[in-house]
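Worksheet: the structure to be examined is printed underneath.
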């Protein structure tokens, strides 16, 4: 759904664990969906829900937002800002250029922190 927060608010009061299927790796084409996913994760975290996830592809949690963090790097930002050197870090090709962004929406600096926070929370909630 376009707005997952009301669904989560209703579900979280009845269930301790939420099952979520088909989470994609978020590319620039899924920029808005990535922001909504982070809002979902933040709300679930605040309600102290546990999550059982099924990812759409064979990736690790650290890789869910990698394409967006790579785009931040290509825009001249530090894609590892807000990390403590543990967990999610970005490894990007130095040969890539801004033309690889394909004219999609640009990633904002606060989103870099938001994506790292989301991955950290996912690890905590999926234990």
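In our numbering, the protein residues as written are 414 to 540.
Beta carbons are placed, not taken as given, at the ideal position from N, Cα and C, and that holds for glycine.
Backbone CA spacing between residue i and residue j [nearest angstrom]
i           : j           : result
residue 429 : residue 540 : 13 angstroms
residue 461 : residue 535 : 11 angstroms
residue 527 : residue 451 : 7 angstroms
residue 470 : residue 480 : 14 angstroms
residue 474 : residue 489 : 24 angstroms
residue 465 : residue 438 : 17 angstroms
residue 449 : residue 443 : 10 angstroms
residue 492 : residue 454 : 20 angstroms
residue 441 : residue 519 : 8 angstroms
residue 537 : residue 521 : 25 angstroms
Assumed close pair residue i, residue j - CB separation to whole angstroms, cut-off 8 angstroms
i           : j           : result
residue 457 : residue 431 : 6 angstroms
Buried versus exposed, by CB contacts within 10 Å (16 or more), residue i
i           : result
residue 485 : buried
residue 447 : buried
residue 472 : exposed
residue 467 : exposed
residue 524 : buried
For residue i, three-class secondary structure by DSSP
i           : result
residue 451 : helix
residue 481 : helix
residue 535 : helix
residue 526 : helix
residue 468 : strand
Residue(s) in a DSSP beta bridge with residue i
i           : result
residue 430 : 463
residue 474 : Its beta-bridge partners do not exist; DSSP assigns none.
Near the ligand FAD: residue i beta-carbon under 7 angstroms from a heavy atom
i           : result
residue 466 : The model on display carries no ligand, and the ligand FAD is accordingly not part of it.
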